[in-house]
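Residue numbers (our numbering): 152 to 487. Worksheet: one structure, shown below.
Below you can see the structure in the form of structure tokens.
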């Protein structure tokens, strides 16, 4: 730990000796009392102490044997030791020097040159006390700022978690219904305005009730989670995928042609068909999905209209035997 330096800069040796004797009587070994008759040498000495890890606690300044003025000394020292308490003798302080010191650094006190007119020991002790108070306040401020920063991070983390909980389906780990709608609406409006292609898929797990009835709801939950994560992995990052409820999911595919949508849907169907999980009784459980596909039409007023058309295509896939992909009849007629 560094020491505290009290630097006395006066060209009168008798005054320097008096300062040294008075200060040495009231400070302990944690303090170094230095005497200088030259301000330039004093500045170099102070810089060396700072480099060595010490703190310039107090300067006591009078006239000196150099061309460096006291105001210049204080301003230069302030650049590396802004908390130093600068004490000036009255005869060294001119209006111009005071103005510069006040504007660019600081003054702790101005005192008479005669020690019989001032309680120097008390001034030094008060300066030491004030420095200790300021240091404690700075330490407290650092602790407080650290606590505030930590708490802010905790609150931000909590907010992120709350946002995830508010937008994510807890079972499947994909967008919940509200989040899916909120994300899809702007994308649909943008695609319609810019005349860009967009596809919507309705995905339903085949015979899901039977899976629950035969293997139990825990197995049904595993099926939903595995199917959702597999589908999410197949889709692009720009696609919007969510669970609408139960075993029903939907996906919005921006910048996607009819051919691209059918290929993506078929890829999902094929990958899901090859998945399997184990029931609590170690039975192998396989499952499939049916998918309805539709395209964005220029006269579609909202997402529900598109989802309804995709839902009709999904039922066509169910009626045709399940585990298949069907394009909506409206889009098929448009092709014809």
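Think of the CB as a built atom: it goes at the ideal place given N, C-alpha and C, for glycine as much as any other residue.
Item checked: Assigned secondary structure, residue 472 (DSSP; H/G/I helix, E/B strand, else coil) -> The answer is coil: DSSP assigns residue 472 none of H, G, I, E or B.
Item checked: Uninterrupted beta strand (DSSP E) stretches inside the region 317-378 (no shorter than 3 residues) -> If only complete runs of 3 or more residues are kept, the region 317-378 shows the beta strand (DSSP E) at 349-356, in order along the chain.
Margin query: What does the alpha-carbon distance come out to for the pair residue 216 and residue 192?
Written below: So the alpha carbons of these two residues sit roughly 10 Å apart.
Notebook entry, point to check: Considering only the beta carbon of each residue, do residue 471 and residue 442 sit closer than 7 Å?
Noted result: Their beta carbons are not under 7 Å apart, which means residue 471 does not touch residue 442 by this criterion.
Next item on the list: Using 10 angstroms around the beta-carbon of residue 167, count the other beta-carbons present and answer buried if the total reaches 16, otherwise exposed.
Entry: By the beta-carbon neighbour count (other beta carbons within 10 angstroms, threshold 16), residue 167 is buried.
Check: What residues match up with residue 237 in a beta bridge as DSSP calls it?
Finding: Answer is 210.
Checklist line | Beta carbon of residue 478 nearer than 7 Å to that of residue 423 | finding: In this structure, residue 478 lies away from residue 423, with their beta-carbon atoms at least 7 Å apart.
Item checked: Start-to-end residues for the alpha helix (DSSP H) that takes in residue 167 -> Per DSSP, residue 167 is one residue of the alpha helix (DSSP H) stretching across 164-177.
Check: Would residue 407 pass as a contact of residue 348 if the rule is Cβ separation under 7 Å?
Finding: Between residue 407 and residue 348, the C-beta gap is smaller than 7 Å, which places the two residues in contact.
Next item on the list: Mind listing, in chain order, the continuous beta strand (DSSP E) runs of no fewer than 3 residues lying wholly within the region 370-453?
Entry: As for any beta strand (DSSP E) of minimum length 3 sitting wholly inside the region 370-453, the runs are 391-396, 399-405, 427-429, 435-437 and 440-446, ordered along the chain.
Margin query: Using CA atoms only, rank isn't needed, just tell me which of 223, 388, 360 and 350 is closest to residue 454.
Written below: It is 350 whose Cα lies nearest to the Cα of residue 454.
Check: How close, in whole Å, do the beta carbons of residue 223 and residue 282 come, if the pair is a contact with beta carbons under 8 Å?
Finding: Between residue 282 and residue 223 the Cβ distance is about 24 Å, and since that is not below 8 Å, they are no contact.
Next item on the list: Below 6 Å CB to CB, which residues in the same chain sit around residue 427 once its five sequence neighbours on both sides are set aside?
Entry: Excluding positions up to five away in sequence, the list reads 435 and 437.
Checklist line | Inter-residue Cα distance where the pair is residue 381 and residue 484 | finding: Taking the straight line joining both Cα atoms gives about 32 Å.
Check: Could you give the residue range of the alpha helix (DSSP H) that holds residue 161?
Finding: DSSP places residue 161 outside any alpha helix (DSSP H), giving it a letter other than H or E.
Margin query: Short of 6 Å in beta carbon distance, which residues of its chain neighbour residue 256, apart from the five on each side in sequence? Order them along the chain.
Written below: For residue 256, where only same-chain residues beyond five positions count, the Cβ hits under 6 Å are 225, 226 and 229.
Check: Start and end of the beta strand (DSSP E) containing residue 260?
Finding: Per DSSP, residue 260 belongs to the beta strand (DSSP E) from 260-262.
Notebook entry, point to check: Which residues in the same chain as residue 446 place their Cβ atom closer than 6 Å to its Cβ, once the five residues preceding and following it in sequence are excluded?
Noted result: Within the same chain, and ignoring the five residues on either side of residue 446 in sequence, the residues whose Cβ sits closer than 6 Å to its Cβ are 350, 409 and 482.
Notebook entry, point to check: Just curious, the alpha helix (DSSP H) that residue 185 is in, first and last residue?
Noted result: From DSSP, residue 185 is part of no alpha helix (DSSP H) but of the beta strand (DSSP E) over 182-187.
Note to self: Applying the 10 Å Cβ sphere with the 16-neighbour rule, what's the burial state of residue 284?
What the structure shows: With fewer than 16 other Cβ atoms from the protein chains shown falling within 10 Å of its own Cβ, residue 284 counts as exposed.
Notebook entry, point to check: If you run the structure through DSSP and keep just helix, strand and coil, what is residue 269?
Noted result: DSSP places residue 269 in the coil class of the three-state scheme, outside both helix and strand.
Next item on the list: Note down the Cα distance separating residue 301 from residue 402, rounded to an integer number of angstroms.
Entry: Roughly 39 Å between the two C-alpha positions.
Next item on the list: Tell me where the alpha helix (DSSP H) around residue 222 begins and ends.
Entry: For residue 222, the enclosing alpha helix (DSSP H) has its first and last residue at 221-231.
Note to self: Counting C-beta neighbours from all protein chains within 10 Å, is the total for residue 344 16 or more, i.e. buried, or is it exposed?
What the structure shows: Exposed, since its Cβ has fewer than 16 Cβ neighbours within 10 Å.
Check: Can you tell which of 267, 298 and 456 has its C-alpha closest to the C-alpha of residue 173?
Finding: Ranked by Cα distance from residue 173, the first of 267, 298 and 456 is 267.
Note to self: To the nearest angstrom, how far is the alpha carbon of residue 356 from that of residue 333?
What the structure shows: Between residue 356 and residue 333, the C-alpha separation is close to 24 Å.
Next item on the list: Note down the Cα distance separating residue 318 from residue 394, rounded to an integer number of angstroms.
Entry: Answer to the nearest angstrom: the Cα atoms are 11 Å apart.
Notebook entry, point to check: Do residue 231 and residue 201 come within 7 Å of each other at the CB atom, strictly closer than that value?
Noted result: In contact: residue 201 and residue 231 (Cβ atoms closer than 7 Å).
Notebook entry, point to check: Could you check where the alpha helix (DSSP H) with residue 193 kicks off and where it finishes?
Noted result: Looking at the DSSP string, the run of the alpha helix (DSSP H) that includes residue 193 is 190-202.
Item checked: Unbroken alpha helix (DSSP H) run spanning residue 250, endpoints -> In this chain, the alpha helix (DSSP H) harbouring residue 250 covers 246-255.
Check: For the putative contact between residue 420 and residue 473, defined by C-beta atoms under 8 Å, what is the C-beta separation to the nearest angstrom?
Finding: Actually they are not in contact, since the Cβ atoms of residue 420 and residue 473 sit about 10 Å apart, beyond 8 Å.
Check: Using the C-alpha atoms, what's the distance from residue 289 back to residue 299?
Finding: Residue 299 and residue 289: Cα-Cα distance of roughly 15 Å.
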